[in-house]
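Trainee: If you scroll down you'll find the structure; I have some questions about it.
2 protein chains.
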Amino acid sequence: MSHISVGVEYGLHCLLHLSGPPTGVTVASVRDLADLQGVSIDYVAKLFTKLRKAGLTVASEGKNGGFRLAKPASEISVLDVVHAIDGVKPLFECREVRVRCAVFDGNAPRWAAQGVCSIHEVMLEAEQRMHEALARQTLADLSRRVDAKAPRSYGPSVVRWMENRSGSA
Amino acid sequence: MSHISVGVEYGLHCLLHLSGPPTGVTVASVRDLADLQGVSIDYVAKLFTKLRKAGLTVASEGKNGGFRLAKPASEISVLDVVHAIDGVKPLFECREVRVRCAVFDGNAPRWAAQGVCSIHEVMLEAEQRMHEALARQTLADLSRRVDAKAPRSYGPSVVRWMENRSGSA
DNA sequence: GGAAATCTACTCGGATACCGCGTGTCCGAGTTATGGTGG
DNA sequence: CCACCATAACTCGGACACGCGGTATCCGAGTAGATTTCC
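Below, the structure is given as structure tokens:
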């Protein structure tokens, strides 16, 4: 179990497919998105509920409904997706052991509880660096990287796959 | 449950007390270290077993035994402690969903499985930034910060507390 | 032919089951200094 | 006075219990377009 969950991974892959041409479409149903990656439909649906609440996607209900990005892909960072799905769980949870030092015998002096624990400071600094790196990358950046790897035929084949599904259903 | 466990927090606090004057001593038993912070003895013992295996501390067995740092505090980074106790668990565990894309229909082409997943790359970059921040801080740095906060009387009182314990026992 | 009813496909959200892992505890074994005992 | 033995204190390492949260599934409700039915 890692700090950044698989939900984030699924979510990012789905959002990449929603980032428009050349590699993806602009609107798709949860069913198609889930089946496209061999993941549980219900699970992906829960992810998109979170993404919607975070204001990253908008949903259109009813038949032929689906999700699309609420903003241009260049304005959605990886950090946004992480926070939307995993919440803001901290890298490190300080338990304030400094105030429980036996020397204080129960009642810690003011200076011990004041400010942020020194160890906590270091962890917060590291967390900050991590967040900066994640905030720097947007869906558009990721999309470009994928496009650079994949052959030119990949994008259209994905689009065709989705159209065939809705056609056969 | 955060990515960096409470074990690391306990471990760091213990190691700080082992970082020598002015705030700490140079050798101490697990019992004293644990009681000093109101933490389970057995649990701290397990932590120190890991720290020993990682080569950060050395133990002297038998009566009046205990642990001391294997290296100067200035050569032990926070990252070393994190890795020693939590292991090297990754920030993000890529499940390679890219190769499971339904378009490939079971057998993914070479280009899809080649190299590192684009999403994974971003996560690795963030993890790297985090590690850099943790590697930059040593026990000596932390010790200095604590000393700057605590009054001059704190260090000696900790030492006295330990001596009283071994004296009364 | 147009309006109403039905159907279908989709989103929404809660409830729940499963399972791995972090946290914490317990115990037996090995090791070394200390204190006591007997020659 | 010295050698020997028992005891205490400590580390070492495995085993295990507990609970939380991530992962995954199921189901009922609400909504809107498509289709059919009926006047």
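Chains as they are written, first to last, in my numbering: chain A, 1325 to 1493; chain B, 1325 to 1493.
Glycine residues also receive a C-beta, built at the ideal position from the N, C-alpha and C atoms.
Check Ser1504/B in the structure and name its three-state DSSP category.
Mentor: No answer is possible for residue 1504/B: the residues shown for chain B start at 1325 and end at 1493.
Trainee: With 7 Å set as the bound, which would you pick, yes or no: does the beta-carbon of Gly1362/A sit closer than that to a beta-carbon of chain B?
Mentor: yes
Trainee: Between Ser1481/A and chain B, is any beta-carbon pair separated by less than 7 Å?
Mentor: yes
Trainee: Does the Cβ of Ser1492/A have 16 or more other Cβ atoms within 10 Å, making it buried, or fewer, making it exposed?
Mentor: With a pLDDT of 45 at Ser1492/A, under the threshold of 50, the predicted position of this residue should be treated as unreliable, though the coordinate-derived value follows. Its Cβ having fewer than 16 others within 10 Å, Ser1492/A is exposed.
Trainee: Beta carbon of Glu1341/B, beta carbon of Val1421/A: below 7 Å?
Mentor: Note on identity: in this sequence residue 1341/B is His, with Glu being the wrong assignment. Not closer than 7 Å, so no.
Trainee: Are the beta-carbon atoms of Leu1458/A and Ala1474/B separated by less than 7 Å?
Mentor: no
Trainee: In three-state DSSP terms, what is Ile1365/B?
Mentor: helix
Trainee: Mind checking if His1337/A is an interface residue toward chain B, Cβ cutoff 7 Å exclusive?
Mentor: So yes, His1337/A belongs to the interface.
Trainee: Could you compute how far the alpha carbon of Arg1355/B sits from the alpha carbon of Val1382/B?
Mentor: 16 Å
Trainee: State the CB to CB distance for the pair Tyr1418/B and His1444/B, rounded to an integer number of angstroms; the pair is presumed to be in contact (CB under 8 Å).
Mentor: Note that residue 1418/B is Cys in the sequence shown here, rather than Tyr. With 8 Å as the limit, Cys1418/B and His1444/B qualify as a contact, their Cβ atoms being about 4 Å apart.
Trainee: Which residues bound the beta strand (DSSP E) around Gly1390/A?
Mentor: Residues 1390 to 1393.
Trainee: Looking at the ligand FMN, does it come within less than 6 Å of Ala1464/B, judged from the CB to the closest heavy atom?
Mentor: This structure simply doesn't include the ligand FMN, nor any ligand for that matter.
Trainee: How is the alpha helix (DSSP H) around Glu1445/B delimited, first residue to last?
Mentor: Under the DSSP assignment, Glu1445/B falls in the alpha helix (DSSP H) whose first and last residues are 1442 to 1460.
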